[in-house]
Amino acid sequence: MTSTSPVYVVNESASGESTVAAGPDSSNHSKRVEIEFRGVSKAFAQKGQKDAPAVVKDLTFSIRKGEVVSLIGPSGCGKSTLLNMGSGLYSATTGTVMVAGQEVKGPVKRVAFMLQKDLLMPWRTIQKNVEVGMEIARVPKAERQAVAQEMLHKCHLAGFEKHYPFQLSGGMRQRAALARTLAMKPDVLFLDEPFSALDAQTKMVLQQDLANTLYNEQKTALFITHDLAEAVALSDRILVMSSRPGTIIEEITVDLPHRNNPLERRKLAGTGPLIGRLMELLHVGDEDAMH
Amino acid sequence: MNYRTIAGSIAILLVFLASWEWGPAAMGMPEYVLPSLSNVWHEFFIMWQHSELLKHTLITAAEVLLGFGIGAFLGLAIGVALGLSPTAEAMLSPYILALQIAPKVAFAPLFVMWLGYTIYPKILVAVLIVFFPVMINVLSAVRAVDPDMVNLIRIMNASRWQIFRLVEFPSAMPALFSGLRIASTLAVIGVTVGELVGGNLGLGYLLVDSEGQGNTAGVFVAIVGLTVIGIVAYAAVVFAEKRVLHYMPKANLATA
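Those sequence lines, one after another, are chains A and B. Start counting the first sequence at 273; every next residue gets the next number (the working numbering). Start counting the second sequence at -7; every next residue gets the next number (the working numbering).
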């Protein structure tokens, strides 16, 4: 893959064809659909309630292998609900969710999840935290340790293996969470505002690391954020959701180079207008959106 | 603790011991009401030599240890079970509440009737009294586990057992230890009441025996002995807590 060539067909499921390239195990250049939502809605029914209001409705989109797609929208529009359905924590009320070629009915292998909270276990060392997914998968100890050390090194945490989470700063803890996410060797990453609790500079450094990894390893990612500049800096495409019941109202292709280098991309002339467009779509600054 | 606070604490102790030694006489208090420190000290040696003080102390300590151990284990096990099963907890909660409100030491005479003048009724009272704070703490801690952390490892395909072992159980540790701290002091109360009620074993028995003889100093010796057992039990829990919860920032651990 040279620079970004983001000519993706959206809502492709309507045509019934979702795999473009050869088999699901073809080369890195394969463009198979990795995440797909087809007419998905979700309502949380209370006991004895028949027609619960939908949190999200009519979600239809697909994300191809290697793509990074951001999801933005007003608070409470159901972004996290969407992510939880993708990762198999909830099932959809209607519609189908496909991840990595299979319908999501529970936790799917090769999917990882990262939240705003680092969710490091305070009783485990940083290294043991990174190993936790492999421990669940019963990976042999030596291999576990090797992978964890590699990931910690990659996330600039070498030397902190034996530290406990409380001994690390917020940024370092989130790095450790990233290392834990990557240690699962996921094909698909669901990221729910992973950097929103960090200070502006730490955030940019971590974005840089993440963008690099995603690009080099051709990972597919769905990235929820409130930070419009972050969305533009990191993604190939941006999906804009409406307020509740959330549905996708706009899809924007980020036709800018440097997807592996958000710091450079932020400086590009094309970034500003895109952010402006997103602000417009989300009515940022409008009277009623302020309250 | 810095040197000033340590020095202050020692000064308070010295003032206390000095007023115990000379205060009663200065106020004209008879020895059979409030014996001076040196008389209690003297009584200690008499009891050590003639009343098998060491043996009785060890018996009481063993009862505390067993009662605490069994009660804490049951509290932990049942607390975890009820924490994981909201239905069972909802069904049992009125009875748990009733048992919790019932003064546990009131069971002591009953247990003595059932089990005789042995060490067993004392252990049983301690088990009962230790059980509740441990169970309640563990139960609410298991209930209060961060659902996001559970979700995180559910996405990693964790089995029910792995969720328990990797997240729920370790998250309950801090609450378990605060329950154990309370329980360690309660265990001494349970055992003491059991010994007061009947039997010829333990410091509680020595206490009642001294009382019968009008030996006020002997009563004090028994009280001090029981207090020492309580302090050792509490310190042991704090020690274990510091070992187990070493991963907590120091500020979050209450000091001993």
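Where a beta carbon is used, it is the ideal one built from N, C-alpha and C, also for glycine. Keep in mind the model is a prediction, meaning the values are calculated, not measured.
Inter-residue CB distance, residue i and residue j (contact presumed, cutoff 8 Å)
{"i": "L68(B)", "j": "L168(B)", "result": "6 Å"}
{"i": "G148(B)", "j": "I70(B)", "result": "Reading off the sequence, residue 148(B) comes out as Met, not Gly. Wrong, their Cβ atoms sit about 29 Å apart, outside the cutoff."}
{"i": "A372(A)", "j": "E306(A)", "result": "6 Å"}
{"i": "Q473(A)", "j": "A505(A)", "result": "Not really, about 14 Å apart at Cβ, beyond 8 Å."}
{"i": "V327(A)", "j": "R516(A)", "result": "6 Å"}
Contact set between residue i and chain A, taken where Cβ atoms lie within less than 7 Å
{"i": "N143(B)", "result": "L361"}
{"i": "L158(B)", "result": "V404"}
{"i": "P78(B)", "result": "In chain order: nothing, as chain A lies at least about 15 Å away."}
Local conformation of residue i per DSSP, three classes
{"i": "I547(A)", "result": "helix"}
{"i": "A364(A)", "result": "coil"}
{"i": "T81(B)", "result": "Residue 81(B) is actually Glu in this sequence, not Thr. DSSP places E81(B) in helix when its eight states are reduced to three."}
{"i": "G295(A)", "result": "Caution applies to G295(A), whose pLDDT of 37 falls short of 50 and renders its modelled position unreliable; the model cannot decide the point."}
{"i": "R447(A)", "result": "helix"}
{"i": "V411(A)", "result": "coil"}
{"i": "R396(A)", "result": "coil"}
{"i": "F385(A)", "result": "strand"}
{"i": "K329(A)", "result": "strand"}
{"i": "N300(A)", "result": "Residue placement at N300(A) is flagged as unreliable, the pLDDT there being 42, under the threshold of 50; the coordinate-derived value follows with that caveat. Coil."}
{"i": "V312(A)", "result": "strand"}
{"i": "S352(A)", "result": "helix"}
{"i": "V25(B)", "result": "coil"}
{"i": "L343(A)", "result": "strand"}
{"i": "V589(A)", "result": "Outside the shown range of chain A (273 to 563) lies residue 589(A), about which nothing can therefore be said."}
{"i": "V236(B)", "result": "helix"}
{"i": "Q374(A)", "result": "strand"}
{"i": "A94(B)", "result": "coil"}
{"i": "W12(B)", "result": "helix"}
{"i": "L506(A)", "result": "helix"}
{"i": "G108(B)", "result": "coil"}
{"i": "D464(A)", "result": "strand"}
{"i": "A541(A)", "result": "coil"}
{"i": "M476(A)", "result": "helix"}
{"i": "M165(B)", "result": "helix"}
{"i": "R336(A)", "result": "strand"}
{"i": "E489(A)", "result": "coil"}
{"i": "L429(A)", "result": "coil"}
{"i": "F438(A)", "result": "helix"}
{"i": "L511(A)", "result": "strand"}
{"i": "E55(B)", "result": "helix"}
Proximity to residue i [Cα-Cα], best of the options
{"i": "I398(A)", "options": "V383(A), E422(A), I307(A) and L387(A)", "result": "E422(A)"}
{"i": "V460(A)", "options": "M551(A), I335(A) and A541(A)", "result": "I335(A)"}
{"i": "G61(B)", "options": "S176(B), I181(B) and V185(B)", "result": "S176(B)"}
{"i": "V134(B)", "options": "L116(B), A150(B), L158(B) and N149(B)", "result": "L158(B)"}
{"i": "P346(A)", "options": "R509(A), L546(A), F316(A) and L500(A)", "result": "L500(A)"}
{"i": "F495(A)", "options": "L355(A), A418(A) and V328(A)", "result": "L355(A)"}
{"i": "F333(A)", "options": "I520(A), D527(A) and T543(A)", "result": "I520(A)"}
{"i": "V340(A)", "options": "H530(A), K539(A), L553(A) and E536(A)", "result": "H530(A)"}
{"i": "K311(A)", "options": "M357(A), A420(A) and A483(A)", "result": "The sequence given here places Gly at residue 311(A); Lys does not occur at that position. Nearest C-alpha to G311(A): M357(A)."}
{"i": "V130(B)", "options": "Y(-5)(B), S77(B) and Y87(B)", "result": "S77(B)"}
{"i": "S132(B)", "options": "L45(B), A150(B), F161(B) and M105(B)", "result": "F161(B)"}
{"i": "E35(B)", "options": "S85(B), E233(B), V211(B) and I223(B)", "result": "V211(B)"}
{"i": "I547(A)", "options": "H498(A), Y436(A) and R516(A)", "result": "H498(A)"}
{"i": "Q490(A)", "options": "K337(A), A324(A) and L553(A)", "result": "K337(A)"}
{"i": "D390(A)", "options": "G431(A), A469(A), S363(A) and D481(A)", "result": "A469(A)"}
{"i": "S352(A)", "options": "R538(A), P394(A), M513(A) and L482(A)", "result": "M513(A)"}
Contact set between residue i and chain B, taken where Cβ atoms lie within less than 7 Å
{"i": "K389(A)", "result": "D140"}
Heavy atom of the ligand COA within 7 Å of residue i beta-carbon
{"i": "R157(B)", "result": "In the structure shown, the ligand COA is absent, as is every other ligand, since no ligand is present at all."}
Proximal chain A residues relative to residue i, where beta-carbon distance stays under 9 Å
{"i": "Y197(B)", "result": "Those do not exist, as Y197(B) stays about 43 Å from chain A at its closest Cβ, beyond 9 Å."}
{"i": "R152(B)", "result": "None at all; the shortest Cβ gap to chain A is about 12 Å."}
{"i": "P162(B)", "result": "M393, P394, W395 and R396"}
Contact set between residue i and chain B, taken where Cβ atoms lie within less than 8 Å
{"i": "P394(A)", "result": "Y239 and M240"}
{"i": "M252(A)", "result": "The structure shown does not extend to residue 252(A), since chain A spans only 273 to 563, so no value can be given for it."}
{"i": "F438(A)", "result": "Y239, M240 and P241"}
Chain A contact residues for residue i, given Cβ-Cβ distances below 8 Å
{"i": "I147(B)", "result": "S359, G360, L361, P379, V383, A384 and F385"}
{"i": "M165(B)", "result": "W395"}
Residues that residue i contacts on chain C, provided the C-beta gap is smaller than 9 Å
{"i": "I408(A)", "result": "Of the protein chains in the structure, A and B, none is chain C."}
**Message:** With three or more beta-carbon pairs closer than 8 Å as the criterion, would you say the region 48 to 67 of chain B touches the region 178 to 197 of chain B?
**Reply:** Touching, yes, given that three or more Cβ pairs across the two stretches are closer than 8 Å.
**Request:** Take every Cβ of the region 199 to 218 of chain B, pair it with every Cβ of the region 141 to 156 of chain B, and state whether three or more of those distances are shorter than 8 Å.
**Result:** Contact fails: fewer than three Cβ-Cβ distances are below 8 Å.
**Asked** Do the region 367 to 386 of chain A and the region 106 to 126 of chain B touch if we need at least three Cβ pairs shorter than 8 Å?
**Response** With a cut-off of 8 Å, the region 106 to 126 of chain B and the region 367 to 386 of chain A do not count as touching, because too few Cβ pairs lie within range.
**Prompt:** Taking one C-beta from the region 400 to 407 of chain A and one from the region 451 to 468 of chain A each time, how about it: are there three or more such pairs within less than 8 Å?
**Reply:** Judged by Cβ distances under 8 Å, the region 400 to 407 of chain A makes contact with the region 451 to 468 of chain A, as three or more pairs qualify.
**Asked** On the three-pair Cβ rule with 8 Å, is the region 380 to 391 of chain A touching the region 460 to 469 of chain A?
**Response** Three or more pairs of CB atoms, one per stretch, sit closer than 8 Å, so the region 380 to 391 of chain A contacts the region 460 to 469 of chain A.
**Prompt:** How do the region 541 to 558 of chain A and the region 512 to 532 of chain A stand: do at least 3 beta-carbon pairs fall below 8 Å, yes or no?
**Reply:** With the cut-off at 8 Å, the region 541 to 558 of chain A and the region 512 to 532 of chain A touch.
**Asked** Can we say the region 92 to 102 of chain B touches the region 181 to 193 of chain B, given the rule of at least three CB pairs closer than 8 Å?
**Response** Yes, they touch.
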